[in-house]
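So for the sequence shown, the numbering used here puts the first residue at 32; every next one is plus one.
Backbone N, C-alpha and C define an ideal beta-carbon position, used for all residues, glycine too.
Predicted model only: the values in this text are computed from it and were never measured.
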Amino acid sequence: MADGPLVGVLALQGAFEEHQKCLEDVGCRTVQVRTPQDLENLDGIVLPGGESTAMGLIGTNTTTATTGKNATTHNSNTPTKTMWQCLQEFSQTKPTWGTCAGMILLAEKCVGASAVIQDGQALIGGVDITVCRNYFGSQVSSFEMETPAPPCDDNRESFPGVFIRAPAILSAGPSVEVLGRVVATPCRQAAVTLQELQRKVEAGENVIQLGVVDSLERNVATGGIQYKVIMAENTTDAAPEEEKKEGSSNNSIEGETNARDNSNSNVSMISLPGAADGTNAREVICAVRRGNLLCTAFHPEITGDLRWHKYFKTQMIQ
Numbered sequence: 032m033a034d035g036p037l038v039g040v041l042a043l044q045g046a047f048e049e050h051q052k053c054l055e056d057v058g059c060r061t062v063q064v065r066t067p068q069d070l071e072n073l074d075g076i077v078l079p080g081g082e083s084t085a086m087g088l089i090g091t092n093t094t095t096a097t098t099g100k101n102a103t104t105h106n107s108n109t110p111t112k113t114m115w116q117c118l119q120e121f122s123q124t125k126p127t128w129g130t131c132a133g134m135i136l137l138a139e140k141c142v143g144a145s146a147v148i149q150d151g152q153a154l155i156g157g158v159d160i161t162v163c164r165n166y167f168g169s170q171v172s173s174f175e176m177e178t179p180a181p182p183c184d185d186n187r188e189s190f191p192g193v194f195i196r197a198p199a200i201l202s203a204g205p206s207v208e209v210l211g212r213v214v215a216t217p218c219r220q221a222a223v224t225l226q227e228l229q230r231k232v233e234a235g236e237n238v239i240q241l242g243v244v245d246s247l248e249r250n251v252a253t254g255g256i257q258y259k260v261i262m263a264e265n266t267t268d269a270a271p272e273e274e275k276k277e278g279s280s281n282n283s284i285e286g287e288t289n290a291r292d293n294s295n296s297n298v299s300m301i302s303l304p305g306a307a308d309g310t311n312a313r314e315v316i317c318a319v320r321r322g323n324l325l326c327t328a329f330h331p332e333i334t335g336d337l338r339w340h341k342y343f344k345t346q347m348i349q
């Protein structure tokens with residue numbers, strides 16, 4: 032343990048203590064990270080699951096004077112950086128792993144962003160993926176399902192993926208290595224968001240952020256309210272079996288789209304996974320890697336299975 036790599040765990044909010052224990056169990060030294068100074072001398076960092084909106088609000092509103100070799104001799108004019116800016120710099124070169132909410136933070140594109148955030152979800156970025164927040168449903172829709180084992184795993188047995196109000200990766204750019212996929216049905220809210228996203232993609236828009244879209248239909252004649260039902264048309268006699276039944280979702284207000292011009296060659300266009308005939312089940316991505324950056328949609332820190340933490344230590348840090 033004394034000679035193990037020093038790994039920080041972002042401790043603004045979320046399941047940071049659980050990650051600490053797992054990392055220590057595989058031979059890492061750990062420290063909780065709350066300020067830019069805490070990033071010094073780290074060999075890597077984990078961005079835990081939790082509430083990405085809360086993390087973003089805290090991270091973008093926490094400023095600390097630059098310290099260490101980059102510090103200036105000025106007093107009142109000492110430059111400051113937000114925690115988010117420091118994490119963006121750190122993750123450019125150091126091993127960084129985002130789980131669930133942490134995965135959202137590392138994404139370049141996010142749909143289903145919280146309606147309570149005026150300018151959309153605050154992202155650290157770095158991984159060319161499009162993430163759908165709360166794809167699998169609300170907290171009460173949390174579940175466990177088999178997911179692919181980490182790369183370089185000897186036994187290759189499936190990994191117990193725990194999805195807690197989890198996001199899903201809809202698409203990944205050419206620089207991203209896909210490590211795992213699952214077939215799952217989006218919750219009602221996510222299905223409506225995907226329908227709106229599909230409309231914008233077909234119209235030629237390159238969507239960077241898309242706010243939540245109303246998932247309820249109002250019957251003008253009766254005054255009743257019901258959930259919208261989004262389902263692919265059945266074009267074959269037999270529809271593929273669904274891996275997970277649809278979860279529930281709370282009503283949300285309509286958000287706005289932040290789109291960039293198609294001429295921006297630095298941002299790849301979105302390619303959405305198709306829905307199965309007669310259902311809305313889709314094959315979505317649950318784990319990716321881009322160089323020193325790792326993302327998983329599920330919570331490996333609460334499974335008792337240490338294989339993803341071993342992978343992060345042995346394949347990305349050491």
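Which stretch, first to last residue, makes up the beta strand (DSSP E) that contains E48?
No beta strand (DSSP E) holds E48; the alpha helix (DSSP H) holding it covers F47 to D56.
Fully enclosed by the stretch 149-180, which beta strand (DSSP E) runs are 3 residues long or longer?
Runs of the beta strand (DSSP E) inside the stretch 149-180: 158-163 and 174-178.
DSSP three-state label for E208, please.
In this structure, E208 counts as strand in the three-state DSSP scheme.
Comparing alpha-carbon positions, which option in L41, N72, I160 and A221 lies nearest Y166?
Residue A221 is the option with its Cα nearest to Y166.
Are there 16 or more other CB atoms within 10 angstroms of the CB of V38, so buried, or fewer, so exposed?
buried
Considering only residues of the same chain and omitting the five flanking positions on each side of R320, which have a CB-CB separation below 7 Å?
Here the set comprises E208 and L210.
What did DSSP end up calling L37 once you bin it into helix, strand or coil?
strand
For R196, count neighbouring C-beta atoms within 10 Å of its own C-beta (all shown protein chains included) and say buried if the count is 16 or more, exposed if not.
Buried is the call here.
Indicate the three-state DSSP secondary structure (helix, strand or coil) for E236 in the structure shown.
coil
To the nearest angstrom, report how far apart Y342 and Q349 are at their CA atoms.
10 Å
Is the number of C-beta pairs between the stretch 113-131 and the stretch 175-183 that are closer than 8 Å three or more?
no
With distances taken between CB atoms, is the gap from V64 to Q51 smaller than 7 Å?
No, the Cβ-Cβ distance between V64 and Q51 is not below 7 Å.
I need the DSSP call for P191, collapsed to helix, strand or coil.
strand
Can you tell me the Cα-Cα spacing of P67 and V142, whole angstroms?
One Cα belongs to P67, the other to V142, and the distance between them is close to 28 Å.
Count the other C-beta atoms from every protein chain shown that fall within 10 angstroms of the C-beta of E139, then say buried if there are 16 or more, exposed otherwise.
So E139 counts as buried.
L88 by DSSP, collapsed to three states: which one?
In the three-state scheme derived from DSSP, where H, G and I count as helix and E and B as strand, L88 is classed as helix.
Taking 7 Å as the cut-off, decide whether the C-beta atoms of E332 and E55 are in contact.
no
Anyone know if the C-beta pair for G133 and P79 falls short of 7 Å?
yes
Taking the alpha carbon of Q119 as the point to measure from, which residue in R60, I76 and C59 has its own alpha carbon closest?
Selected option, being the one with the closest Cα: I76.
Helix, strand or coil for L337 per DSSP?
coil
Taking the beta carbon of C183 as the centre, do at least 16 other beta carbons fall within 10 Å, making it buried, or is it exposed?
exposed
Can you tell me which residues form a DSSP beta bridge with T224?
The secondary-structure analysis by DSSP pairs T224 with nothing; it has no beta-bridge partner.
Name the one or two DSSP bridge partners that L43 has.
None, per the DSSP bridge assignment.
Pick from G204, F194 and R230: whose alpha carbon is nearest that of A328?
F194
Check for me: the alpha helix (DSSP H) holding I348 runs from which residue to which?
From DSSP, I348 is part of no alpha helix (DSSP H); its letter is neither H nor E.
Secondary structure at K125, three-state DSSP: helix, strand or coil?
coil
Let me make sure I understand the geometry here. Which of T94, T130, I155 and T93 has the alpha-carbon closest to that of Q123?
I155
From the DSSP output, in three-state form, read off E120 for me.
The three-state reading of DSSP puts E120 in helix, counting H, G and I together.
Measure the CB-CB distance between C59 and G35 and report whether it falls below 7 Å.
yes
Using the C-alpha atoms, what's the distance from L137 back to S206?
14 Å
Taking the C-alpha atoms as reference points, what is the distance between A46 and E82?
10 Å
Which residue marks the beginning of the alpha helix (DSSP H) containing L73, and which one marks its end?
Counting along the chain, L73 falls outside any alpha helix (DSSP H), and DSSP gives it neither H nor E.
Please report the residue range of the beta strand (DSSP E) in which G328 lies.
Reading off the sequence shown, one finds Ala at residue 328, where the question assumed Gly. Looking at the DSSP string, A328 is not in any beta strand (DSSP E), and its letter there is neither H nor E.
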